[in-house]
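A.B. asks: With this note's numbering applied, the sequence shown corresponds to residues 2 to 269, in that order.
The beta carbon of each residue, even a glycine, is placed where N, CA and C say it ideally should be.
As the structure is a computational prediction, the values presented were derived from the model and not from experiment.
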Amino acid sequence: MAPTLSPIPDAPEPASSKTRVSARGRLRTYFLTGVIVAGPLAITAYITWWFIALIDGWVKPLVPASYLPDHYLPFSIPGLGLVIAFLAVTMLGFLTANLVGRSVVEFGEVLLARTPVISGLYRGLRQIFETLFSANGTSFRTVGLVEFPVKGTWSVVFLSAPAANEVQGALQAKEGEAKDYVGVFLPCAPNPTTGFFFYLPRSEIVEVGISVDDAAKLVMSAGVIQPEDPRGGLQAMAASLRQAQLQESEDGTADKEKARREPARQDV
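#1: Thinking C-alpha only, which one of 67, 52, 167 and 145 is nearest residue 161?
#2: Mind checking whether residue 190 and residue 220 have CB atoms under 8 Å apart?
#3: Considering only the beta carbon of each residue, do residue 187 and residue 158 sit closer than 8 Å?
#4: On the CB-based measure, 16 or more other CB atoms within 10 Å of its CB, does residue 247 come out buried or exposed?
#5: Applying the 10 Å Cβ sphere with the 16-neighbour rule, what's the burial state of residue 82?
#6: Counting along the chain, where does the alpha helix (DSSP H) carrying residue 176 start and finish?
#7: Only counting the same chain, and skipping five residues up and downstream in sequence, which positions put a Cβ closer than 7 Å to that of residue 16?
#8: Can you tell me which of the three DSSP states residue 28 falls into?
#9: Measure from the C-beta of residue 96 to each C-beta in chain B and report whether the shortest distance is under 8 Å.
#10: Please name the residue, chosen from 65, 192, 197 and 204, that lies closest to residue 223 on a Cα-to-Cα basis.
#11: In three-state DSSP terms, what is residue 162?
#12: Would you report the Cα separation of residue 165 and residue 155, rounded to the nearest angstrom?
#13: I need the DSSP call for residue 156, collapsed to helix, strand or coil.
#14: Indicate whether residue 53 and residue 79 have their beta-carbon atoms separated by less than 8 Å.
#15: Beta-carbon separation of residue 69 and residue 147 under 8 Å?
#16: Need the endpoints of the alpha helix (DSSP H) that residue 63 sits in, please.
#17: Whole angstroms is fine: what's the gap from residue 47's alpha carbon to residue 38's?
#18: Going by Cα to Cα distance, which pick from 153, 196, 58 and 116 is closest to residue 86?
#19: Could you tell me which of 119, 184, 51 and 117 sits nearest to residue 199, measuring between CA atoms?
#20: Measure how close the beta-carbons of residue 213 and residue 149 come, nearest whole angstrom, since I'm counting them as under 8 Å.
#21: What does the Cβ neighbour count give for residue 43, buried or exposed, with the cut at 16 atoms within 10 Å?
#22: Whole angstroms are fine: how far does the CA of residue 168 sit from the CA of residue 208?
#23: For a quick check, are the C-beta atoms of residue 206 and residue 218 less than 8 Å apart?
#24: According to DSSP, is residue 199 helix, strand or coil?
#25: Over the uninterrupted beta strand (DSSP E) stretch that includes residue 186, give me the two end residues.
#26: Answer with buried or exposed for residue 179, where buried requires no fewer than 16 other C-beta atoms within 10 angstroms of its C-beta.
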């Protein structure tokens with residue numbers, strides 16, 4: 002009687018590379034999610050702490066030590082100088098709003114106006130601060146698009162103040178027609194603090210309904226960060242995580258189903 006031959010066992014299947022790639026992908030997604038959440042928080046906390054320490058270093062030496070809580074406490078209170086500076090600036094604004102304060106400020110401005118070099122610097126800085134921080138000012142609060150550097154290419158600009166009467170008259174005489182000229186600032190990427198300033202007819206500027214902050218981020222990121230819902234990035238990352246978890250669950254279910262349907266091997 003011929004011996005019974007046992008069936009040749011199937012070769013073991015190699016571990017699925019798909020599962021390994023999926024695990025690496027999930028680990029990478031988790032890490033990037035942590036970076037996206039922790040990175041802005043850490044940088045914001047660092048800049049805030051640096052700013053508070055800077056103001057404290059400026060203001061605290063001007064206050065007598067006996068008036069500082071640090072003199073009586075065994076630890077330092079951060080932010081005390083910032084609070085003192087805020088109160089001092091607010092009090093200065095309050096005093097300047099009345100008659101006595103205006104008189105003192107005008108007297109100081111007369112003295113500065115008679116001082117060479119300093120007078121021009123002070124007047125220029127005061128005009129800039131009045132323009133930027135005016136409650137009803139509109140400078141650099143509107144975003145627009147202009148054709149620059151050549152026709153057919155559009156660049157992001159911030160609208161400044163309308164041209165002065167002298168500039169308007171000179172440009173209208175040059176062009177031979179009446180146009181409403183406005184100053185625009187074109188920031189350079191990725192450093193928006195540098196750029197170009199020029200005058201353009203308002204009709205050649207396409208105003209865009211986005212905020213100055215979104216436009217600045219658009220310029221600094223060279224177009225990578227588009228104006229959108231700030232939660233969109235985290236929502237997309239969460240959707241990616243859910244998709245990875247769902248894929249892992251489906252792979253586990255498929256493996257269990259395959260093991261259940263696999264015929265039992267007979268030992269000889």
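C.D. replies: Reading from the atomic positions:
#1: To locate residue 161, count along the sequence shown from 1; it is residue 160. Nearest C-alpha to residue 161: 145.
#2: Here residue 190 corresponds to residue number 189 of the sequence shown, with the count starting at 1. Here residue 220 corresponds to residue number 219 of the sequence shown, with the count starting at 1. For residue 190 and residue 220, yes; Cβs fall inside 8 Å.
#3: Mapped onto the sequence shown, residue 187 falls at position 186. Mapped onto the sequence shown, residue 158 falls at position 157. The answer is yes: Cβ separation under 8 Å.
#4: The residue given as residue 247 occupies position 246 in the sequence shown. Result: exposed.
#5: Translated into the one-based positions of the sequence shown, residue 82 becomes position 81. Label assigned to residue 82: buried.
#6: Within the sequence shown, residue 176 is the residue found at index 175, counting from 1. That run of the alpha helix (DSSP H) goes 166 to 176.
#7: Start at 1 with the first residue of the sequence shown, and residue 16 comes out as number 15. In this prediction, residue 16 scores a pLDDT of 49, lower than 50, which makes its location untrustworthy; no coordinate-derived value is stated.
#8: For the purposes of this step, residue 28 is identified with residue 27 of the sequence shown, where counting begins at 1. Correct three-state label for residue 28: helix.
#9: The structure shown contains no chain B; it holds only a single protein chain.
#10: Taking the first residue of the sequence shown as position 1, residue 223 is located at position 222. The shortest Cα separation from residue 223 among 65, 192, 197 and 204 belongs to 192.
#11: The residue you call residue 162 lines up with position 161 of the sequence shown. Note: residue 162 maps to strand in three-state DSSP.
#12: Here residue 165 corresponds to residue number 164 of the sequence shown, with the count starting at 1. Here residue 155 corresponds to residue number 154 of the sequence shown, with the count starting at 1. Going by the C-alpha atoms only, they are around 26 Å apart.
#13: Indexing the sequence shown from 1 puts residue 156 at position 155. The answer is strand: DSSP assigns residue 156 an E or B state.
#14: On the sequence shown, position 52 is the one that residue 53 refers to. On the sequence shown, position 78 is the one that residue 79 refers to. Their beta carbons are under 8 Å apart, which means residue 53 touches residue 79 by this criterion.
#15: Taking the sequence shown and counting its residues from 1, the one referred to as residue 69 is at position 68. Taking the sequence shown and counting its residues from 1, the one referred to as residue 147 is at position 146. Not in contact: residue 69 and residue 147 (Cβ atoms no closer than 8 Å).
#16: Indexing the sequence shown from 1 puts residue 63 at position 62. That residue, residue 63, is in no alpha helix (DSSP H); it is neither H nor E in DSSP.
#17: Counting from one through the sequence shown, the residue named residue 47 turns up at place 46. Counting from one through the sequence shown, the residue named residue 38 turns up at place 37. Those two C-alpha atoms are separated by around 15 Å.
#18: Within the sequence shown, residue 86 is the residue found at index 85, counting from 1. Among 153, 196, 58 and 116, the Cα nearest to that of residue 86 belongs to 58.
#19: Residue mapping note: residue 199 aligns to position 198 of the sequence shown, counting from 1. Ranking the options by Cα distance to residue 199, first place goes to 184.
#20: Taking the sequence shown and counting its residues from 1, one reaches residue 213 at position 212. Taking the sequence shown and counting its residues from 1, one reaches residue 149 at position 148. That pair is no contact at about 19 Å.
#21: To locate residue 43, count along the sequence shown from 1; it is residue 42. Residue 43 comes out exposed.
#22: Here residue 208 corresponds to residue number 207 of the sequence shown, with the count starting at 1. Here residue 168 corresponds to residue number 167 of the sequence shown, with the count starting at 1. Each residue's alpha carbon lies about 22 Å from the other.
#23: Indexing the sequence shown from 1 puts residue 206 at position 205. Indexing the sequence shown from 1 puts residue 218 at position 217. No; because the gap between Cβ atoms is not below 8 Å, this pair is not in contact.
#24: The sequence position of residue 199 within the sequence shown is 198, counting from 1. In the structure shown, residue 199 sits in a strand (DSSP, three-state: E or B).
#25: What you label residue 186 is simply residue 185 of the sequence shown in a count that begins at 1. 182 to 188 is the span of the beta strand (DSSP E), which, as asked, contains residue 186.
#26: For this step, residue 179 is matched to residue 178 along the sequence shown. So residue 179 counts as exposed.
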